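Count along the sequence shown from 1, then add 28; that gives the number in the working numbering. Every residue, glycine too, gets a C-beta built ideally from N, C-alpha and C. Since this is a predicted model, take the numbers as computed values, not measurements. First comes the structure, then the notes that go with it.
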Amino acid sequence: MTTAHASLARRARLPVVALVLLSSAGAGAWLFWPRGQERVSLSAGTGARVVAVSPDGALIAAAGDTGAVRVWAAGATASRFTLDGHTGKVSGLAFAPDSKTLASCGEDRTVRLWDVTTGAPGAVVPASEAAVLCVAFAPDGKTLASAGSDHLVSLWTAAGKPVRVLKGHTRRVHALAFAPDGKTLASAGEDGGVRLWNWQTGTPTGQLSVEKHRVHALAVSADGKVLAAAATGGPRWWNLSDRSERPKVAAVGGARAVAVDRDGTLLATGHEDGSVKLWGADGSEVKALSGHRGPVFGAGFTPDGKTLVTASGDGTVKLWDVPAK
Numbered sequence: 029m030t031t032a033h034a035s036l037a038r039r040a041r042l043p044v045v046a047l048v049l050l051s052s053a054g055a056g057a058w059l060f061w062p063r064g065q066e067r068v069s070l071s072a073g074t075g076a077r078v079v080a081v082s083p084d085g086a087l088i089a090a091a092g093d094t095g096a097v098r099v100w101a102a103g104a105t106a107s108r109f110t111l112d113g114h115t116g117k118v119s120g121l122a123f124a125p126d127s128k129t130l131a132s133c134g135e136d137r138t139v140r141l142w143d144v145t146t147g148a149p150g151a152v153v154p155a156s157e158a159a160v161l162c163v164a165f166a167p168d169g170k171t172l173a174s175a176g177s178d179h180l181v182s183l184w185t186a187a188g189k190p191v192r193v194l195k196g197h198t199r200r201v202h203a204l205a206f207a208p209d210g211k212t213l214a215s216a217g218e219d220g221g222v223r224l225w226n227w228q229t230g231t232p233t234g235q236l237s238v239e240k241h242r243v244h245a246l247a248v249s250a251d252g253k254v255l256a257a258a259a260t261g262g263p264r265w266w267n268l269s270d271r272s273e274r275p276k277v278a279a280v281g282g283a284r285a286v287a288v289d290r291d292g293t294l295l296a297t298g299h300e301d302g303s304v305k306l307w308g309a310d311g312s313e314v315k316a317l318s319g320h321r322g323p324v325f326g327a328g329f330t331p332d333g334k335t336l337v338t339a340s341g342d343g344t345v346k347l348w349d350v351p352a353k
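Structure representation (structure tokens):
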């Protein structure tokens, strides 16, 4: 361990395991900090509004006001690719299940597909006559959903060919999330509810109330048991099996970002004041994370559940070590 590392370790009061990792970290590596603390901050350009973690945990993507999509490889602080193509703000990102393709959407009314193994652009889908606000891949990797200012949820093949349109929303749709059961899609926005669909048939299967609040984001746990929403009235989460609501969290003010860990026992929320909070299954606060200097618009857990990734209007993407359960 170098003198500089030892001094930093003493000031941060790192545990022994962190000292070993810190002493062996090379240039550009992510440094591991105490559990529940910020690990690293990545520069995402002006106004990072959305973030996505690849299913294999190897990549992070973020985008926002500039229209550029940045992609980082695990262990690097410098971006691997900057994907240029959008002519307006990017409002949605989603990795395909195989982690090789990234979909992005935005104000330019398109969904764009990218090969993140090479950085090469793929299909450009003229998805709407209005801004496209969200995008998501189905678990089969063969179907893509998009939605936005036209109030519609559109389904496409992974090559960008139209499949069907789901109608029911009466205002803008801000969020989409597929469940891993291969049939359930959740959508939500400004019309006060989370709609559930059998996306394979296009049939509506239910609706979850958020009392007329706007929903900014949705997330489903990897095991498919829990659905969470970031709403202006506060974060909400439900058991998908019987659609019963889980204990409400005591969040002050609304939430802009939400994520659920792999087994649905930990909820993460991002807020307008830049705060990030972790909540237990009983609704109690586990940890408050501070560091962002602007609204937190995006959040996601890595597949192993040990790291939370957040994106903020302050132009940064931050990685946080998640407290042990």
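Residues sharing a beta bridge with residue i, DSSP
i           : result
residue 303 : Answer by DSSP bridge pairing: none, since residue 303 is not bridged.
residue 273 : 266
residue 344 : 71
residue 315 : 306
residue 100 : 88
residue 184 : 172, 190
residue 232 : 225
residue 143 : 129, 148
residue 325 : Partner(s): none; residue 325 has no beta bridge.
residue 66  : 348
Exposure label - residue i; buried when at least 16 CB within 10 Å
i           : result
residue 275 : exposed
residue 203 : buried
residue 154 : exposed
residue 350 : buried
residue 304 : buried
residue 312 : exposed
residue 321 : exposed
residue 263 : buried
residue 177 : buried
residue 82  : buried
residue 80  : buried
residue 318 : exposed
residue 106 : exposed
residue 193 : exposed
residue 140 : buried
residue 138 : buried
residue 148 : exposed
residue 185 : exposed
residue 103 : exposed
residue 187 : exposed
Residue i in three-state terms, based on DSSP
i           : result
residue 53  : At residue 53 the pLDDT is 30, less than 50, meaning the model places this residue with poor confidence; the figure from the coordinates comes in the next sentence. In this structure, residue 53 counts as coil in the three-state DSSP scheme.
residue 170 : coil
residue 264 : strand
residue 349 : strand
residue 78  : strand
residue 218 : coil
residue 212 : strand
residue 129 : strand
residue 237 : strand
residue 298 : strand
residue 156 : coil
Cβ-heavy atom distance, residue i to the ligand COA, below 6 Å
i           : result
residue 232 : This structure lacks the ligand COA; in fact it carries no ligand of any kind.
Same chain only: Cβ atoms within 6 Å of residue i, ignoring 5 sequence neighbours per side
i           : result
residue 114 : 95, 134, 136
residue 296 : 287, 306, 327, 336
residue 273 : 266
residue 330 : 81, 85
Through-space distance from residue j to residue i, alpha-carbon basis
i           : j           : result
residue 52  : residue 316 : Annotation note: pLDDT 26 at residue 52 (below 50); position unreliable, no value reported.
residue 201 : residue 159 : 10 Å
residue 232 : residue 226 : 6 Å
residue 189 : residue 169 : 14 Å
residue 309 : residue 293 : 5 Å
residue 314 : residue 181 : 35 Å
residue 215 : residue 195 : 11 Å
residue 240 : residue 256 : 16 Å
residue 206 : residue 197 : 17 Å
residue 143 : residue 261 : 38 Å
residue 228 : residue 211 : 6 Å
residue 112 : residue 99  : 11 Å
residue 221 : residue 282 : 15 Å
residue 291 : residue 127 : 21 Å
residue 249 : residue 289 : 6 Å
Beta-carbon contacts of residue i that lie in its chain and below 7 Å, excluding the five residues immediately before and after
i           : result
residue 234 : 224, 271
residue 238 : 220, 221, 222, 257, 259, 261, 264
Neighbourhood of residue i by C-beta distance below 8 Å, restricted to the same chain and skipping five residues each side
i          : result
residue 21 : Because the chain in this structure spans residues 29 to 353, residue 21 falls outside the shown range and cannot be described.
residue 6  : Any question about residue 6 goes unanswered here, given that the chain covers just 29 to 353.
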